[in-house]
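Visitor:
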Amino acid sequence: MLALPSNSPVVRLSKHAFAYQQLPGSWCQNNVGIIQLDQAGAVLLVDTVAIEARNLMLRRALETLAAVQIDVVNTHFHGDHTFGNFIFSDGNILGTELTAELIVLAGDDLVRRQPGINFGNVQVTPPTKLVSNGYSISTAWGDVQFLEFKDAHTASDLVVWLPTERVLFTGDIAWNNVTPFALMGSVTGSIEALEILQRLDAQTVVPGHGPVGGAEMLQDCLDYLRLILVYAEQGINTGANVWETAEEFERESTNVKIDNERNIANIARAFADLRGADDFDVLAELAVMEKWKNRTSLHRGLGTV
1 MLALPSNSPV
11 VRLSKHAFAY
21 QQLPGSWCQN
31 NVGIIQLDQA
41 GAVLLVDTVA
51 IEARNLMLRR
61 ALETLAAVQI
71 DVVNTHFHGD
81 HTFGNFIFSD
91 GNILGTELTA
101 ELIVLAGDDL
111 VRRQPGINFG
121 NVQVTPPTKL
131 VSNGYSISTA
141 WGDVQFLEFK
151 DAHTASDLVV
161 WLPTERVLFT
171 GDIAWNNVTP
181 FALMGSVTGS
191 IEALEILQRL
201 DAQTVVPGHG
211 PVGGAEMLQD
221 CLDYLRLILV
231 YAEQGINTGA
241 NVWETAEEFE
251 RESTNVKIDN
261 ERNIANIARA
271 FADLRGADDF
281 DVLAELAVME
291 KWKNRTSLHR
301 GLGTV
């Protein structure tokens with residue numbers, strides 16, 4: 001069993017599962033899962049982090065845990081989860097075929113969109129081992145199972161499930177005390193994915209962003225996204241536009257989370273979902289979200305290391 005020093009940034013979740021948390025979980029403050037595969041030092045990371053300095057810190061933390069072989073699985077293509085791939089490229093980088101393509105396509109776009117963050121060195125590194133829904137890794141203590149969801153948080157999202165220890169690593173399908181973000185996937189697809197994840201009956205849930213918790217966070221995300229869908233449907237039926245609908249949502253919503261500028265992005269995505277639009281312009285909606293953020297005082301930025 002890996003031994004945790006008292007000053008480690010890594011927290012134990014179960015006998016073989018750990019998490020490296022970056023709280024409170026705002027933009028580019030994602031969580032990383034750590035799974036001990038065997039007693040010889042084989043470890044699987046669920047994602048990396050955005051900033052080079054923090055990836056190096058994570059690597060040092062793993063080395064204090066006697067990790068020898070470190071592989072990574074990317075839950076999706078976003079840079080805050082994948083920019084550290086190159087730090088761990090001496091091992092296998094796992095991901096879906098579509099995630100690998102999207103990592104290359106996105107490149108270092110996140111660096112340009114977040115100029116206030118000191119990312120350090122960024123070397124875009126896609127997965128080297130392609131996996132898909134149903135892939136699993138067998139260990140002496142149980143299986144590490146991979147579930148793929150299409151059009152949830154992004155076009156391709158992997159979730160990692162440890163059924164014997166009832167630990168679930170959701171990537172950005174689930175969030176805790178942080179506003180979900182379905183702009184690059186779909187609101188309806190996120191709802192479907194969360195409903196499936198609820199049926200796993202996880203005891204411990206590691207969200208993509210926000211503190212580790214229990215399965216109640218899945219319900220909280222569902223409640224939020226279903227409400228987004230209700231407001232979007234009302235907006236469409238009354239002839240309101242996305243901006244007007246988002247204003248109404250924020251006037252009436254009592255469940256305020258950090259990074260709530262995502263509300264307007266999620267409502268825009270829900271409009272497109274309900275209309276069946278296939279010409280949705282993600283970049284344009286990101287610009288609208290930035291405009292929306294500048295009119296609210298509830299946004300919390302990340303800052304630098």
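Just so you know, full-length UniProt numbering puts 3 at position 3 of the sequence shown, and the rest follows in order with no gaps. Glycine residues also receive a C-beta, built at the ideal position from the N, C-alpha and C atoms. On a predicted model such as this, the values are computed, not experimentally measured, just so you know.
(1) Among 149, 271, 161 and 91, which residue has its Cα nearest to the Cα of residue 125?
(2) If you draw a straight line from the C-alpha of residue 56 to the C-alpha of residue 174, how long is it?
(3) Given a cut-off of 7 Å, decide if residue 194 and residue 229 are closer than it, judged by their beta-carbon atoms.
(4) Where does residue 208 fall in DSSP's three states?
(5) Could you tell me which of 17, 29 and 12 sits nearest to residue 177, measuring between CA atoms?
(6) Quickly, what does DSSP pair residue 281 with across the bridge? List them, please.
(7) Count the other CB atoms, across all protein chains shown, that sit within 10 Å of the CB of residue 52; report buried if there are 16 or more and exposed otherwise.
(8) My guess is that residue 98 and residue 14 are in contact by the Cβ rule of under 8 Å, so how many angstroms apart are they, rounded?
(9) Note down the Cα distance separating residue 108 from residue 27, rounded to an integer number of angstroms.
(10) Give a yes or no on contact between the segment 241-254 and the segment 205-212, applying the rule of three or more CB pairs nearer than 8 Å.
(11) Taking the Cβ atom as the reference point for each residue, do residue 232 and residue 271 lie within a distance shorter than 7 Å?
(12) On a Cα-Cα basis, can you pick out the residue from 111, 147 and 88 that is closest to residue 96?
(13) On the DSSP bridge list, what partners appear for residue 129?
(14) Answer with buried or exposed for residue 304, where buried requires no fewer than 16 other C-beta atoms within 10 angstroms of its C-beta.
(15) Identify, in the order they occur along the chain, each residue of the same chain with its Cβ nearer than 6 Å to the Cβ of residue 182, setting aside the five sequence neighbours on each side.
(16) Can you tell me whether DSSP reads residue 135 as helix, strand or coil?
(17) Is it buried or exposed for residue 263, if we count other Cβ within 10 angstroms and need 16 for buried?
(18) Please classify residue 216: is it buried, with 16 or more other beta-carbons within 10 angstroms of its beta-carbon, or exposed?
(19) Residues in the same chain with beta-carbon distance under 8 Å from residue 222, minus the five sequence neighbours each way, listed in chain order, please.
(20) Let me check one thing: in DSSP terms, what residues is residue 45 bridge-paired to?
Guide: Result, derived from the coordinates:
(1) Residue numbering aside, residue 125 sits at position 125 when the sequence shown is read from its first letter. Selected option, being the one with the closest Cα: 91.
(2) Locating residue 56 in the sequence shown gives position 56, counting from the first residue. Locating residue 174 in the sequence shown gives position 174, counting from the first residue. When rounded, the distance between both Cα atoms is 26 Å.
(3) Taking the first residue of the sequence shown as 1, we reach residue 229 at position 229. Taking the first residue of the sequence shown as 1, we reach residue 194 at position 194. Annotated as distal: residue 229 and residue 194, with beta-carbon spacing of 7 Å or more.
(4) For the purposes of this step, residue 208 is taken as residue 208 along the sequence shown, with counting starting at 1. Residue 208 falls in the strand class under three-state DSSP.
(5) As a working mapping, residue 177 is identified with position 177 in the sequence shown. Among 17, 29 and 12, the Cα nearest to that of residue 177 is on 29.
(6) Here residue 281 corresponds to residue number 281 of the sequence shown, with the count starting at 1. According to DSSP, which records beta bridges pairwise, residue 281 is partnered with nothing at all.
(7) The residue labelled residue 52 in the question sits at position 52 within the sequence shown. So residue 52 counts as buried.
(8) In the sequence shown, the residue the question calls residue 98 occupies position 98. In the sequence shown, the residue the question calls residue 14 occupies position 14. The Cβ separation is near 30 Å, so there is no contact.
(9) By one-based count along the sequence shown, residue 108 stands at place 108. By one-based count along the sequence shown, residue 27 stands at place 27. For residue 108 and residue 27, the distance between alpha carbons rounds to 15 Å.
(10) With a cut-off of 8 Å, the segment 205-212 and the segment 241-254 do not count as touching, because too few Cβ pairs lie within range.
(11) Along the sequence shown, read from residue 1 onward, the residue named residue 232 stands at position 232. Along the sequence shown, read from residue 1 onward, the residue named residue 271 stands at position 271. Yes, the pair counts as a contact, with Cβ atoms nearer than the cut-off.
(12) Counted from its first residue, the sequence shown places residue 96 at position 96. With distances taken between Cα atoms, residue 96 lies closest to 147.
(13) Taking the first residue of the sequence shown as 1, we reach residue 129 at position 129. Per DSSP, 94.
(14) Within the sequence shown, residue 304 is the residue found at index 304, counting from 1. With a pLDDT of only 31 at residue 304, under the threshold of 50, the placement of this residue in the model should not be trusted, and no figure is reported.
(15) Numbered from 1 along the sequence shown, position 182 holds the residue referred to as residue 182. Contacts found: 190, 266 and 269.
(16) Taking the sequence shown and counting its residues from 1, the one referred to as residue 135 is at position 135. Residue 135 falls in the coil class under three-state DSSP.
(17) For the purposes of this step, residue 263 is taken as the residue at position 263 of the sequence shown. Buried, because 16 or more other Cβ atoms sit within 10 Å of the Cβ of residue 263.
(18) Taking the first residue of the sequence shown as position 1, residue 216 is located at position 216. By the neighbour-count rule (16 or more Cβ atoms within 10 Å), residue 216 is not buried but exposed.
(19) Numbered from its first residue, the sequence shown carries residue 222 at position 222. Excluding positions up to five away in sequence, the list reads 191, 194, 195 and 198.
(20) Locating residue 45 in the sequence shown gives position 45, counting from the first residue. Bridge partners of residue 45: 34 and 72.
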